[in-house]
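Here the structure is laid out as structure tokens; the discussion comes afterwards.
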Amino acid sequence: MKTSVFISVLVLFAAFTSCRKDDDTTTPPILQLQLGGAYVSDSAVLAINDTICFAVHAEGISSNLTYFKVDVVSDEGSSTIYDEGMNSKTFDATKIFFKGIADEETFVITVMDYNRNTTTASFTVFRDTLSGFGSIYHFSNLVLGYQNNASAGHYLDPVTGNIYNEATVSGQESDVDIIVYFYLSSGTPSPTLVCPAQADAQAQYPSIADWPVQNATLYDYHTSDYDLISAAQFDACTNDSLLLAAYNPTFVNQKCKFALAGKIIPFMTADGKKGLIKVISADQADTGTMSIEIKIQQ
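Going letter by letter, the sequence shown gives residues 34 to 331 in the numbering used here.
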């Protein structure tokens, strides 16, 4: 009888502790930042556009992780420069960003679980006061052909201004950051900028799928859509100050639609070089061309 009672108590205790564990919906995730050594250090002093690299490890406790984001806070305000969704117990990643022009920037990393519990961690970097603005390359009258144009090249290296076609791009694939094509977006003509890593680029130019390197360029479509940079500002730019200030990492994509004449489009290459594209002309047929002018960091 005593043995039976003891076993019953154990069963009840196990059931109680199991229920408590299953009912845990408020314990926030674990978040660990890896800084120092090969990664950026907290309170590091960096030149403008220096690399900011850090590693993240997170674990969901009461439920799976569902969201990860990186915000940058400075005197200019706060902006989300990266976010992604997930549904996993753990999350590990190494992230690379670049020092902006603000004197002080705090990177705030946040993870959230299914129960909407959040955990944050942060570090701060400072601008080297001796760090000035850098030189730029400037290329005008760059003519790129759309997917069904057989005479003009489709693939642009914005650092050299070289344009390649299917026959000449061999051996230069790793230098290509910008590609153009034309399509109808919900019936509206859209001259479009893409990059080798973007799915539409590979659909329009199937040979890209076999390239040894497929660069991922990011275009700031928000600045383009709302005409936040004028042609006069572009023309007056002689160093990378405007290039750095114009690029907003909150609204970026590997594809920029409606690249019409007069548009100014900030971009960042896979190597972290920032630039501006001014669209001079853009035909509205897939056999046509797009003529652009580019300014990019050296």
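Glycine included, every Cβ here is placed at the ideal spot set by N, Cα and C.
Could you name the residues that DSSP lists as bridge partners for residue i?
i: P224; result: F215
i: S111; result: V106
i: E92; result: I63, T123
i: V312; result: I325
i: N195; result: D190
i: F87; result: K128
i: K307; result: M301
i: V206; result: According to the sequence provided, residue 206 is Glu. The question's Val does not apply to it. For E206, which the question treats as bridged, DSSP gives no partner whatsoever.
i: F101; result: E117, V144
i: Q330; result: I169
i: N286; result: Y252
Where does the unbroken beta strand (DSSP E) through residue i begin, and where does it stop?
i: H171; result: 169 to 178
i: S155; result: 151 to 160
i: F291; result: Neither: F291 is in no beta strand (DSSP E) and is coded neither H nor E.
i: T143; result: 137 to 146
i: D253; result: 251 to 253
i: L261; result: L261 -> no beta strand (DSSP E), and no H or E assigned at all.
i: L79; result: 77 to 79
Applying the 10 Å Cβ sphere with the 16-neighbour rule, what's the burial state of residue i?
i: R149; result: exposed
i: Q237; result: buried
i: N182; result: buried
i: I138; result: In the sequence under discussion, the amino acid at residue 138 is Glu, which differs from the Ile named in the question. E138 is buried by the Cβ-count criterion.
i: A292; result: buried
i: H171; result: exposed
i: Y259; result: exposed
i: S218; result: exposed
i: A315; result: buried
i: I241; result: buried
i: L79; result: buried
i: V103; result: buried
i: P191; result: buried
i: V312; result: buried
i: V246; result: exposed
i: G110; result: exposed
i: A279; result: buried
i: G186; result: buried
i: I40; result: Unreliable placement is indicated for I40, whose pLDDT of 41 sits below 50; the coordinate value is still reported in the next sentence. It is exposed - the Cβ of I40 has fewer than 16 other Cβ atoms within 10 Å.
i: P239; result: exposed
i: D116; result: exposed
i: T60; result: exposed
i: Q331; result: exposed
i: G322; result: According to the sequence displayed, residue 322 carries Thr and not Gly. Classification for T322: buried.
i: A91; result: buried
In the DSSP assignment, the alpha helix (DSSP H) including residue i goes from what residue to what residue?
i: Q235; result: 232 to 237
i: D56; result: Segment: none, D56 is in no alpha helix (DSSP H) and carries neither H nor E.
i: A277; result: First, the residue type needs correcting, since residue 277 is Leu and not Ala in the sequence shown. It spans 274 to 279 - the alpha helix (DSSP H) in which L277 sits, taken as one unbroken run.
i: F267; result: 264 to 269
Check the C-beta distance from residue i over to residue j and give it rounded, since I have them as a contact under 8 Å.
i: P62; j: T152; result: 5 Å
i: K306; j: C270; result: Actually they do not touch by this definition, with Cβ atoms about 15 Å apart.
i: I99; j: D146; result: Note that residue 99 is Thr in the sequence shown, not Ile. Rounded, the Cβ-Cβ distance is 6 Å, consistent with contact.
i: V105; j: F140; result: 6 Å
i: Q266; j: L277; result: About 13 Å; that fails the 8 Å criterion.
i: I81; j: I134; result: 6 Å
i: D371; j: T256; result: With the chain covering 34 to 331 only, the question about residue 371 has no answer from this structure.
Compare the C-beta of residue i against all C-beta atoms of chain C and say whether one is closer than 8 Å.
i: G295; result: Checking the listed chains, one finds no chain C in this structure; it contains a single protein chain.
Tell me whether residue i, by its Cβ, gets closer than 7 Å to a heavy atom of the ligand NAD.
i: Q65; result: Absence of the ligand NAD is noted for the structure shown, with no ligands found whatsoever.
### Message
Does the contact criterion of 3 or more C-beta pairs under 8 Å hold for the region 166 to 178 versus the region 84 to 97?
### Response
no
### Query
Does the region 216 to 235 come close enough to the region 190 to 197 that 3 or more CB-CB pairs lie under 8 Å?
no
### Task
Could you tell me whether the region 227 to 234 touches the region 283 to 298, where touching means 3 or more Cβ pairs closer than 8 Å?
yes
### Message
Using 8 Å as the cut-off, can you tell me whether the region 153 to 169 makes contact with the region 70 to 86, which would need three or more C-beta pairs spanning the two stretches below that distance?
### Response
yes
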